[in-house]
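When we follow the UniProt record's numbering, the leftmost residue of the sequence shown carries the number 1, and every step to the right adds one.
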Amino acid sequence: MAYYRRVGEVPRTRHTQHPNPEGGLYYEELMGEEGFSSDSSLLYHRAIPSAIADAAPWDLPDQTRTPNAPLVPRHLKLHSLFEGQDWKAADAVESRRLVLANDDVRISYVVAGAPSPLYRNAIGDECVYVESGSARVETVFGLLEVGRGDYVVLPRATTHRWVPTGDEPLRAYAVEANSHIAPPKRYLSRYGQLLEHAPFCERDLRGPSEPLLAEGENVDVLIKHRGPGPGGIAGTRYTYPTHPFDVVGWDGCLYPYAFNIDDFQPITGRVHQPPPVHQVFEGHNFVICNFVPRKVDYHPQAIPVPYYHSNVDSDEVMFYCGGDYEARKGSGIGQGSVSLHPGGHSHGPQPGAYERSIGAEAFDELAVMVDTFRPLDLGEGGLACEDDGYAWTWSGGRR
């Protein structure tokens, strides 16, 4: 995110002495991407950030993947994943259940009420969509207060934890990349500013505004990293001699931020617009889009629901998180559903929706879409909540 922020105490010139009140020095850490060739920030710690006192294996949540074979569209009922469980004892890191994954991206879902351990994803950026509930996201950069409709973008290797707040469970849809996640390049100037035709701007982004300092000794942090486990992922538990939230100030263009889906300005047209107009973020080999309440096509002969389409290069994942999704009526899809339409399968509106949409002036729908450019496997969570009749809903049932 090439949008400069400065928080807390930093010296006037980078890589120079930053004295602390005790007569010593704060320790400067450069957190940067792509080997000193992309966005970075400078953080100033009370203690040496490299110091660890112990390390041990961490058993990750189940990362097993099962191919989508035979190749069929699928409907996953995410809300059923945590039915009958004590959500107040679950946390937003260790209780995640893997829904879909490939070698570029992993999609998980969680319903949580307990504070998570301190956590760092050393594989890639995370983009977590808050379906409902609220939380404090405590990070080494500072605090983010988040709630319904917020995307929370956490750069790779950001130490953080999720602390649910309020009386309702935190429902979170986590998109974990093996790369970085950023706004689409076509919406950025050559210097990184969001352009006038972009559906959101820097003013809509919320970053930490002050340091978050904590005390403690022998503090554990869970690290997700590349390794020999399923999907090439492994876990390690570091123990730090002092609390990693010891940053008195930082500045730069790399930091966690939140963006609320209600601040997305939809792009509409005279006839039906293709999904790229709904794009909000992108990573390596995948994009994230959102479908928000909006006016629809105004050509006198327009058909507002999507035309039938076969995206031959991508799998399409839709998470239905609000409103009334017109094109899916009659399919069993509702709030908390995920549909997977794989590359190689032509898909579109359910029977009758094509005709019923004629004359509609607006759609009240809310959905988050992830399109991937390599096939997706099902995680254990996806297998556990599948509606196995969905593939036959266009033909009236399996024959």
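All residues carry an ideal CB built from backbone N, CA and C; glycine is no exception.
Continuous beta strand (DSSP E) stretch holding residue i: start and end
i: residue 22; result: Looking at the DSSP string, residue 22 is not in any beta strand (DSSP E), and its letter there is neither H nor E.
i: residue 390; result: Unbroken run through residue 390: none, as it is neither H nor E.
i: residue 161; result: 160-165
i: residue 57; result: 54-57
i: residue 150; result: 150-154
i: residue 412; result: The shown model of the chain, from 1 to 399, leaves out residue 412, and the question about it has no answer.
i: residue 107; result: 105-112
i: residue 414; result: This structure leaves residue 414 out entirely; the chain is present only between 1 and 399.
i: residue 259; result: 257-260
i: residue 176; result: 170-177
i: residue 94; result: Where residue 94 is concerned, there is no enclosing beta strand (DSSP E), given that its DSSP letter is neither H nor E.
i: residue 239; result: 233-242
i: residue 251; result: 247-252
i: residue 226; result: 217-226
i: residue 142; result: 142-147
i: residue 120; result: 118-121
i: residue 8; result: 5-8
Nonlocal neighbours in the same chain, by C-beta distance under 8 Å from residue i, ignoring five residues either side
i: residue 294; result: 266, 268, 362, 363
i: residue 120; result: 157, 158, 159, 160, 221, 222, 223, 224
i: residue 344; result: 71, 310, 312
i: residue 335; result: 79, 320, 321, 322
i: residue 281; result: 127, 151, 153, 181, 182, 183, 184, 287, 288
i: residue 33; result: 39, 40, 155, 156, 180, 254
i: residue 329; result: 350, 352, 353, 356
i: residue 195; result: 187, 188, 189
Residue i versus residue j: straight-line alpha-carbon distance, rounded
i: residue 292; j: residue 12; result: 43 Å
i: residue 391; j: residue 113; result: 34 Å
i: residue 104; j: residue 56; result: 26 Å
i: residue 315; j: residue 154; result: 24 Å
i: residue 124; j: residue 226; result: 10 Å
i: residue 380; j: residue 324; result: 28 Å
i: residue 7; j: residue 271; result: 45 Å
i: residue 257; j: residue 229; result: 30 Å
i: residue 243; j: residue 191; result: 36 Å
i: residue 376; j: residue 65; result: 9 Å
i: residue 276; j: residue 359; result: 24 Å
i: residue 73; j: residue 306; result: 17 Å
i: residue 350; j: residue 278; result: 21 Å
i: residue 36; j: residue 365; result: 42 Å
i: residue 189; j: residue 338; result: 34 Å
i: residue 48; j: residue 58; result: 24 Å
i: residue 246; j: residue 239; result: 15 Å
i: residue 28; j: residue 3; result: 21 Å
i: residue 397; j: residue 85; result: 33 Å
i: residue 201; j: residue 174; result: 23 Å
i: residue 298; j: residue 147; result: 34 Å
i: residue 17; j: residue 138; result: 27 Å
i: residue 145; j: residue 383; result: 33 Å
i: residue 87; j: residue 353; result: 36 Å
Which listed residue (the options) has its alpha carbon closest to that of residue i
i: residue 207; options: 201, 20, 259, 214; result: 259
i: residue 160; options: 270, 275, 115, 54; result: 115
i: residue 176; options: 357, 297, 349, 101; result: 101
i: residue 63; options: 50, 99, 344; result: 99
i: residue 122; options: 73, 217, 232; result: 232
i: residue 284; options: 46, 321, 180; result: 180
i: residue 369; options: 21, 107, 270, 68; result: 107
i: residue 264; options: 149, 303, 347, 60; result: 149
i: residue 400; options: 144, 217, 162, 90; result: Only positions 1 to 399 of the chain appear in this structure, which leaves residue 400 out of reach.
i: residue 302; options: 273, 200, 84, 217; result: 273
i: residue 135; options: 91, 393, 84, 96; result: 91
i: residue 97; options: 378, 138, 397; result: 378
i: residue 387; options: 329, 394, 333, 30; result: 333
i: residue 44; options: 137, 356, 251, 202; result: 251
i: residue 237; options: 60, 397, 165; result: 60
Sequence-distant residues of its chain with Cβ nearer than 7 Å to residue i (five each side left out)
i: residue 385; result: 76, 77, 78, 80, 81
i: residue 171; result: 111, 131, 132, 133
i: residue 168; result: 132, 133
i: residue 241; result: 51, 53, 217, 218
i: residue 142; result: 7, 208, 209, 210, 211, 212
i: residue 296; result: 268, 304, 360, 361, 362, 363
i: residue 373; result: 285, 286, 313, 314
i: residue 204; result: 259, 263
Cut-off 6 Å between Cβ atoms - residues of its own chain near residue i, not counting five sequence neighbours on either side
i: residue 9; result: 248, 249
i: residue 20; result: 26
i: residue 198; result: 187
i: residue 371; result: 287, 314, 316
i: residue 331; result: 350, 393
i: residue 214; result: 243, 245
Any non-hydrogen atom of the ligand SAH closer than 6 Å to residue i Cβ
i: residue 359; result: Only the bare structure without any ligand can be found here, which leaves the ligand SAH out of the picture.
message = Suppose only complete runs of 3+ residues qualify. What are the beta strand (DSSP E) ranges in the UniProt domain "Homogentisate 1,2-dioxygenase C-terminal" (285-382), listed by chain order?
response = 286-291, 315-323, 337-341, 365-372, 377-379
key: Contiguous beta strand (DSSP E) assignments of at least 3 residues, all confined to the region 36-82   = 40-45, 54-57, 74-77
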